[in-house]
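Chains as they are written, first to last, in my numbering: chain A, 1 to 545; chain B, 546 to 855.
Structure follows, in structure tokens:
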């Protein structure tokens, strides 16, 4: 029989062959199979997946053969292509909020594909759309069919996108990082849904991801890509138990695993407190008659000198808001937040600037946290210049070079612009900037969530070493439990602006007291198919309770 | 291995090398450069006097002695159009520079204070509610028509637009992470305005400024035509048009040559504006194709997203 999808010797290059993004990739997707393509950014995995629907970025030069349900995609005429897209293969995108058009109802958007492929009767279409929404687990689909995308949560939007993909019952579903933009607990639901698509509808699924946990959870077979080439192809059980390629082994080693973090002796004395939050409240004022939005409600914690406190939570839990409040970017509206013993509610102007001088801040997205008109040197020197910390230009120069060395970047980086650096290098520059004034306290807001796992591992290692050497206290904010466990002494779990649990990293991870913490821990897919299957069963029993 | 993560995007060359690959920008600059050069060099070189009256040779068609003919006072039309170019270009330069600097200052300051923002923006709204030409006409009629009053009037006309544009961009920039990063290290507002907001506003400003330059030339011509611009006998394209209107049946070339000059200048400026916009837009960086002819062809060829097959 014909394979749903077969790619042979696919080559994609740009700039007249100057950049080879995909080199000689061949793979096939069997009926009813879930095949995962794994790789880091720039490995060509997304390009490969998009080429199945003949969607290339401008300027791409393509060579090879792609046969989708027996038909050659690259040679297809525009009319044939229109039919293939949607009917033979459909795509699920990464970011559900941009994949849906905000000005149309979700029912209209799902129906659009049905109409394009010949379902003319409106009532018939509507019934089918409602049926689809029910299939993907949207509660009360009769009402929700007339909702606009902004009325749904992120997970529900992704379900709608999947419903759009399923509308014409395609033989192949291509899911490009379908859960990357979602929280772990929501991710678990979407992965279940994809699995059901395969089990109940018999679709073959090609899933693109960088998350090895997702692979272990879902995939039957795995293709590992690196720099545009396939380095390893194996069934998922084999790949995780005995990886053959060097790169796969490195990738697996770089993934932080829950419950395997080394215990850190907590020898910090609680006498000297860097940060104290007492029943902290942060409420964003509502505009023009809208109700104010409480972001943080009654959170109490403290950080001792030299201690790393990890804050974990899903999006909207208020974890970033707390971090921003420390440097006064978010206002404290209730309770007390004392930084070095000074209450942030009653400090303004020069006193606030002096406080900020003692705190470093590392931002989430290294791409946007630098002014693209400033060189790396200027970026790192900025805090020193702002506070006139060093007397002369040579002193400034040697301090910046010293900082570059501390974050393990070569000296000649100083003259380059942030845009020319890779994500990992940029985050190192971000770290150097935060360290410039020798702060006693560092706030790191998701510093590694925009990075690939192997780079994340290196940046975390650097952070830990610097923390030990320089002895600063830190508030480490992340959505990734494994990362937080690896790096912090104590961990706090936030949900909807409330602190549910606070304890030593080991205690919280091994014996969580709160149900939500347990759900959070169990929702993280583990890069091991056997363990993950057991965990999945646990989560199911928990959710059904 | 981190080195390879950026390779797909490809390195963006320096601004100059990218500018050299932008046909709009090059043509625009060549046109405007030629006009400016001609206006500065040619009158001296050929001994042209835009004010020399020759009553015997009134409204003469183009000849060897007068390549573009003469006007209703027998003045050499070539000399007057060249002198008009220098009037128009210097006026537009003065207006653009003043309006841009004032607009940027007002826009950035407005984005930092809510109270000031409301006050300034309502004033801008008020000024923008009146059509530009009408406002300029009213202002020059009040102040009296001469060069500096014309500059003041046109600056008042253009500042609100620039201020709004800059303010909108500055407000968006204020929520960018790198600005928050600067706040977090304790930088003062002035530092943030100068070091972070200003350079990032320049890109949108550069585009807007070229269009304002072009618009100034058109408005100046219109005002002069209506008698509220540069007072005669000083040469200006608007004045030539006005004179040409009276003699349009006898010497249609007067109107023709003057308006051609305006059209070429404005086209050149619009091309610069378009080119700058492409240059400023970071998405254009990866899209350059080798070969001048190919790129020119690319201006009219539809874009495809389906890739090319070998």
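Note that beta-carbon positions come from the ideal geometry of N, C-alpha and C, so glycine has one too.
These numbers were taken from a predicted model, which means no experiment stands behind them.
- Residue pairing for residue 71 of chain A: DSSP places it in a beta bridge opposite A/68.
- The shortest CA-to-CA distance from residue 15 of chain A to any of A/326, A/58, A/331, A/253 is the one to A/58.
- Boundaries of the beta strand (DSSP E) harbouring residue 283 of chain A: 273-284, taken from the DSSP string.
- Secondary structure within the stretch 191-224 of chain A: the beta strand (DSSP E) runs of 3 or more consecutive residues, fully enclosed, are 204-209 (chain order).
- Note that the C-beta distance between residue 256 of chain A and residue 436 of chain A is not below 9 angstroms.
- Of all residues in the stretch 740-770 of chain B, only 740, 741, 744, 745 come within less than 8 angstroms of chain A when Cβ atoms are compared, listed by chain position.
- Legend: CB atoms of the stretch 636-663 of chain B lying less than 7 angstroms from CB atoms of chain A are not found in any residue.
- For a Cβ distance threshold of 7 angstroms, residue set 363, 365, 368, 369 of chain A lies close to residue 722 of chain B, ordered along the chain.
- The beta carbons of residue 703 of chain B and residue 757 of chain B sit about 5 angstroms from each other, so the pair counts as a contact at 8 angstroms.
- Between residue 733 of chain B and chain A, the shortest Cβ-Cβ separation is below 9 angstroms.
- Taking a beta-carbon distance threshold of 9 angstroms, residue 382 of chain A counts as an interface residue toward chain B.
- Residue 734 of chain B and residue 331 of chain A have their C-alpha atoms some 18 angstroms from each other.
- For residue 42 of chain A, there is no enclosing beta strand (DSSP E), as DSSP gives it neither H nor E.
- Counting only the Cα atoms, residue 739 of chain B lies some 41 angstroms from residue 56 of chain A.
- At a beta-carbon threshold of 9 angstroms, the residues of chain B lying near residue 329 of chain A are 725, 728, 729, ordered along the chain.
- Beta-bridge annotation (DSSP): residue 294 of chain A is paired with A/283.
- Between residue 6 of chain A and residue 66 of chain A, the C-beta gap is smaller than 9 angstroms, which places the two residues in contact.
- Between residue 38 of chain A and residue 210 of chain A, the CB-CB gap stays under 9 angstroms.
- According to the DSSP secondary-structure assignment, residue 359 of chain A is paired through a beta bridge with A/441.
- Apart from sequence neighbours up to five positions away, no residue of its chain approaches residue 809 of chain B with a beta-carbon distance below 6 angstroms.
- Chain order gives the chain B residues near residue 386 of chain A as 727, 730, 731, 732, 733, 736, where near means a beta carbon separation below 8 angstroms.
- At least one CB atom of chain B sits nearer than 9 angstroms to the CB of residue 436 of chain A.
- Each of A/343, A/382, A/323 was checked against the Cα of residue 363 of chain A, and the nearest Cα belongs to A/323.
- The residue among A/63, A/480, A/273, A/531 with its C-alpha nearest the C-alpha of residue 17 of chain A is A/63.
- A/425 is the residue among A/391, A/425, A/280 whose C-alpha sits nearest the C-alpha of residue 406 of chain A.
- CA-to-CA, the gap between residue 84 of chain A and residue 162 of chain A works out to about 17 angstroms.
- Secondary structure note for residue 490 of chain A: its beta strand (DSSP E) is the uninterrupted segment 490-495.
- In this structure, DSSP gives residue 104 of chain A a state outside helix and strand, which the three-state scheme calls coil.
- For residue 753 of chain B, the enclosing alpha helix (DSSP H) starts and ends at 743-770.
- Counting along the chain, residue 56 of chain A sits inside no alpha helix (DSSP H), nor does DSSP assign it H or E at all.
- Sequence-ordered contacts of the stretch 337-366 of chain A with chain B read 353, 356, 357, 361, 363, 365 [C-beta pairs closer than 7 angstroms].
- Taking CB atoms only, residue 23 of chain A has no neighbour in chain B less than 9 angstroms away.
- A buried status is given to residue 788 of chain B, since no fewer than 16 other beta-carbon atoms sit within 10 Å of its beta-carbon.
- Distance from the CA atom of residue 61 of chain A to the CA atom of residue 20 of chain A, rounded to whole angstroms, is 9 angstroms.
- Residues 210, 423, 452 of the same chain have their beta carbon placed closer than 8 angstroms to that of residue 41 of chain A, with the five preceding and five following residues left out of the count.
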